[in-house]
Amino acid sequence: MSKRLRTKPYLKPSEVAELLRVEPGTVRLWNQAGKLRGTTTAGGHRRFSYRDVEAFALEHGIELASPQEGTLRILIVDDEKPVTRMLKRVLAAADPELELETCHDGFTAGQMVEKFEPHVMILDLIMPGVDGFHLCKNLKADPATMGIRIIAITGDPNPASAAKIVKLGAEVCLPKPVSKADLLAAIGLPGASGR
């Protein structure tokens, strides 16, 4: 996975941990001790550049995880099947190597997280049963799933909802219909421009 991570603008502690083959808590401790350089977002989340991680690994004799270890897994969760089909088509066209799964409710998404272990979740806010707010809150409260990147989407965009989901741990909240460029940019995939 390090080949893909190298192209991202920043890495989360869980991604750095995967590269260095340690626990995310160890990455945080190294950062707090000033051993591993990183930055903190306005929301208080640690982020690291691939170059800094590479330099740290070289300095400490740590071999980074192989570039061939896995592919980026994205789970699309939306109760509107045409939306999931469209998003899957856009992502597959942008990068055929992605592993993509879809589901149509928050309860099933919770089950799929265990089986599929996504790196990124595209999450609709308003769904029957378990909505996106509840699912995001639960994922971010669990150490086993808190590293999943969440890109929220909604057909009813308003500043209050966007602020609430970001506070719960989503990186961004995109309005539907979702712009291809905005979606690819939010995930960190190349090809944010085009049709």
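Start counting at 1 in the sequence shown, then tack on 17, and there's your number in our numbering.
The beta carbon of each residue, even a glycine, is placed where N, CA and C say it ideally should be.
1) Where A50 and T43 are concerned, what is the direct C-alpha to C-alpha distance, given to the nearest angstrom?
2) What's the C-alpha gap between G146 and D122?
3) Could you check the C-alpha separation between I79 and G172 for me, to the nearest Å?
4) Taking the alpha carbon of K98 as the reference point, which residue from A59, N155, T119 has its own alpha carbon closest?
5) Rounded to whole angstroms, what is the Cα-Cα separation between T101 and Y27?
6) Helix, strand or coil: which one does DSSP assign to A169?
7) Please classify L108: does DSSP put it in a helix, a strand, or coil?
8) How would you call P30, buried or exposed, if buried means at least 16 neighbouring beta carbons within 10 angstroms?
9) Where DSSP assigns a beta bridge to M114, which residues make up the other side?
10) When you compare the region 108-119 with the region 153-173, are there three or more beta-carbon pairs, one atom per stretch, that lie closer than 8 angstroms?
11) Determine the direct distance from the alpha carbon of L89 to that of E40, and round the result to whole angstroms.
12) Exposed or buried, L46, counting other C-beta atoms within 10 Å across all chains shown (16 or more means buried)?
13) Kindly indicate the opening and closing residues of the alpha helix (DSSP H) around P30.
14) Using the C-alpha atoms, what's the distance from G149 back to I143?
15) Whole angstroms is fine: what's the gap from R166's alpha carbon to M129's?
16) What does the alpha-carbon distance come out to for the pair V33 and K193?
17) Helix or strand or just coil, what does DSSP make of P192?
18) How about M138 and L75: are their beta carbons less than 7 angstroms apart?
Well, looking at it:
1) 11 angstroms
2) 7 angstroms
3) Each residue's alpha carbon lies about 45 angstroms from the other.
4) T119
5) Counting only the Cα atoms, Y27 lies some 27 angstroms from T101.
6) strand
7) Collapsing the DSSP output to three states places L108 in a helix.
8) In summary, P30 is buried, with 16 or more beta-carbon neighbours lying within 10 Å of its beta-carbon over all protein chains present.
9) Note on identity: in this sequence residue 114 is Glu, with Met being the wrong assignment. For E114, which the question treats as bridged, DSSP gives no partner whatsoever.
10) no
11) 19 angstroms
12) L46 comes out exposed.
13) 30-37
14) When rounded, the distance between both Cα atoms is 6 angstroms.
15) 15 angstroms
16) Linking V33 to K193 through their CA atoms gives a straight-line distance of about 32 angstroms.
17) The DSSP-derived three-state label of P192 is strand.
18) The Cβ atoms of M138 and L75 do not sit closer than 7 angstroms to each other.
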